[in-house]
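Protein chains in written order, with our numbering: chain A, 497 to 634; chain B, 497 to 634.
Protein chains: 2
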Amino acid sequence: MDLDTAVGYVLKRATVALRAAMDTALREHDLTVPQYSCLEQLAHRPGLTNAELARGTFVSRQAMHQLLATLRSTGLVHGDGGGRHERFTLTSDGARRLAGASAAVAAVQERMLTPLDPQQRQRLHADLTACANALNQP
Amino acid sequence: MDLDTAVGYVLKRATVALRAAMDTALREHDLTVPQYSCLEQLAHRPGLTNAELARGTFVSRQAMHQLLATLRSTGLVHGDGGGRHERFTLTSDGARRLAGASAAVAAVQERMLTPLDPQQRQRLHADLTACANALNQP
DNA sequence: CAGTATATGTCAAGATATTGACGTGAGTCA
DNA sequence: TGACTCACGTCAATATCTTGACATATACTG
Numbered sequence: 497m498d499l500d501t502a503v504g505y506v507l508k509r510a511t512v513a514l515r516a517a518m519d520t521a522l523r524e525h526d527l528t529v530p531q532y533s534c535l536e537q538l539a540h541r542p543g544l545t546n547a548e549l550a551r552g553t554f555v556s557r558q559a560m561h562q563l564l565a566t567l568r569s570t571g572l573v574h575g576d577g578g579g580r581h582e583r584f585t586l587t588s589d590g591a592r593r594l595a596g597a598s599a600a601v602a603a604v605q606e607r608m609l610t611p612l613d614p615q616q617r618q619r620l621h622a623d624l625t626a627c628a629n630a631l632n633q634p
Numbered sequence: 497m498d499l500d501t502a503v504g505y506v507l508k509r510a511t512v513a514l515r516a517a518m519d520t521a522l523r524e525h526d527l528t529v530p531q532y533s534c535l536e537q538l539a540h541r542p543g544l545t546n547a548e549l550a551r552g553t554f555v556s557r558q559a560m561h562q563l564l565a566t567l568r569s570t571g572l573v574h575g576d577g578g579g580r581h582e583r584f585t586l587t588s589d590g591a592r593r594l595a596g597a598s599a600a601v602a603a604v605q606e607r608m609l610t611p612l613d614p615q616q617r618q619r620l621h622a623d624l625t626a627c628a629n630a631l632n633q634p
């Protein structure tokens with residue numbers, strides 16, 4: 497059995513499983529995974545722009561564009577009206593919703609990491625980061 | 497910094513990077529990633545059905561359905577005409593195309609795993625499998 | 001054996017994301 | 001300063017995938 501290609505396979509398998517679990521967990525908070533991801537980014541680094549959020553969430557600028565439109569119409573994020581290079585922040589409503597959603601997501605990820613002890617978790621984090629870096633610099 | 501949620505983040509980051517790299521590598525062989533995934537499955541286990549291929553490739557039955565339709569019209573796969581529960585196999589053309597594509601994908605994954613020694617690779621494989629299993633059995 | 005449940009193939013529709021393209025502002029360098 | 005490049009925001013169109021639905025075949029159960 498070819499281990500190298502199998503690593504890609506289990507990587508996809510784990511991602512799909514995580515995505516599905518997050519999806520069901522977030523449904524109770526009326527958020528999709530990209531929406532949650534966007535809110536989380538804004539919580540850690542307020543004042544990000546559309547393009548920056550898109551990169552951090554791994555979607556295209558266009559997708560983030562209309563994702564922000566819905567989040568804004570729902571009153572979860574707030575733009576500073578700076579026509580070009582507009583910067584976004586969480587509203588108090590957005591912060592509240594994120595708090596609940598974040599707890600739900602944390603529970604999911606804890607379930608995912610259950611079989612791993614803290615040292616293994618750190619190793620996994622480091623190894624995945626190394627793999628991503630290796631691919632991103634040709 | 498919250499390591500647990502960060503694991504989910506780097507997992508997505510690695511997956512996106514791998515997906516993009518595979519996409520560009522496969523473009524020279526006129527294959528999309530799901531198409532390649534389907535062909536690879538059929539190479540390892542000939543005679544799979546639509547639903548089985550869908551599960552192995554992590555897409556819906558419907559997506560695999562029309563994915564198989566295009567692969568069949570291109571002459572890369574061949575169904576045994578068994579109306580219901582039809583079983584699929586690679587054509588000789590499909591096997592040839594897969595050979596080239598498989599080498600390209602192997603090169604991509606080798607580049608991804610460059611920073612890891614064989615022991616680390618095996619660990620990564622085991623850890624990811626454990627994570628996926630933990631999520632898939634509530 | 002009859003009846004129910006489960007899984008499959010397939011059609012239609014809807015949602016979501018990507019690609020392409022355009023105008024515009026910011027930074028760079030001669 | 002002026003030309004050039006690059007990144008950004010945004011509109012439109014295209015492709016892709018998922019959800020919903022239905023008929024049917026297989027498996028299970030009493």
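Built from N, CA and C at the ideal position, the CB exists for glycine as well.
Following the continuous alpha helix (DSSP H) through residue i, name the residue where it begins and the one where it ends.
i	result
A/Val604	588 to 609
B/His659	Any answer about residue 659 of chain B is impossible in this case: the structure gives chain B only from 497 up to 634.
A/Gly552	546 to 553
A/Ser569	557 to 569
B/Pro530	529 to 540
With distance defined between alpha-carbon atoms, name the residue in the options nearest to residue i.
i	options	result
A/Gln633	B/Ala516, B/Val503, B/Thr501	B/Ala516
B/Glu650	B/Ala600, B/Leu538, B/Arg568	The requested residue 650 of chain B is not part of the displayed model; chain B covers only 497 to 634.
B/Gly579	B/Asn629, B/Leu567, B/Asn546, B/Gly596	B/Asn546
A/Ala602	A/Val503, A/Asp498, A/Met518, A/Tyr505	A/Met518
A/Val573	A/Leu514, A/Gln531, A/Gln618, A/Ala513	A/Gln531
B/Thr566	B/Arg619, B/Arg551, B/Gly590, B/Glu548	B/Gly590
A/Ser556	A/Val512, A/Cys534, A/Asp498, A/Leu594	A/Cys534
A/Arg592	A/Gly552, A/Leu527, A/Thr610	A/Leu527
B/Arg630	A/Leu631, A/Arg551, A/Gln605	With the sequence shown as reference, residue 630 of chain B is identified as Ala, and Arg is not the correct amino acid for it. The candidate whose alpha carbon is nearest that of B/Ala630 is A/Gln605.
B/Lys508	A/Leu538, A/Gly575, A/Glu582, A/Arg551	A/Arg551
B/Asp613	A/Val512, A/Cys627, A/Pro611	A/Cys627
B/Ala597	B/Glu536, B/Gly575, B/Ala510, B/Arg607	B/Glu536
A/Gly571	A/Leu594, A/Thr511, A/Gln616, A/Ala502	A/Leu594
B/Ala510	B/Leu549, B/Arg607, B/Gln618	B/Arg607
Check the DSSP bridge columns for residue i and list the partner residues they point to.
i	result
A/Thr585	A/His574
ask   = Would you call the stretch 617 to 624 of chain A and the stretch 560 to 578 of chain A touching, i.e. three or more CB-CB distances under 8 Å?
value = no
query = Between the stretch 573 to 602 of chain B and chain A, which residues of the former have CB atoms less than 9 Å from a CB of the latter, in chain order?
reply = Ser598, Val601, Ala602
message = Below 8 Å, how does it come out for the stretch 539 to 559 of chain A and the stretch 585 to 596 of chain A: are there three or more Cβ pairs, yes or no?
response = yes
request  = Residues of the stretch 502 to 520 of chain B with a CB closer than 7 Å to any CB of chain A: list them in chain order, please.
outcome  = Ala502, Val503, Gly504, Val506, Leu507, Lys508, Arg509, Ala510, Thr511, Val512, Ala513, Leu514, Ala517
query = Any residues in the stretch 545 to 574 of chain B with a beta carbon nearer than 8 Å to a beta carbon of chain A? Which ones, in chain order?
reply = Phe554
inquiry  = Counting only Cβ-Cβ distances shorter than 8 Å, please list the residues of the stretch 608 to 626 of chain A near chain B, keeping chain order.
reply    = Met608, Leu609, Thr610, Pro611, Leu612, Gln616, Arg617, Gln618, Arg619, Leu620, His621, Asp623, Leu624, Thr625, Ala626
request  = Return the residues of the stretch 528 to 546 of chain A that lie within a Cβ-Cβ distance of less than 7 Å from chain B, sorted by chain order.
outcome  = none
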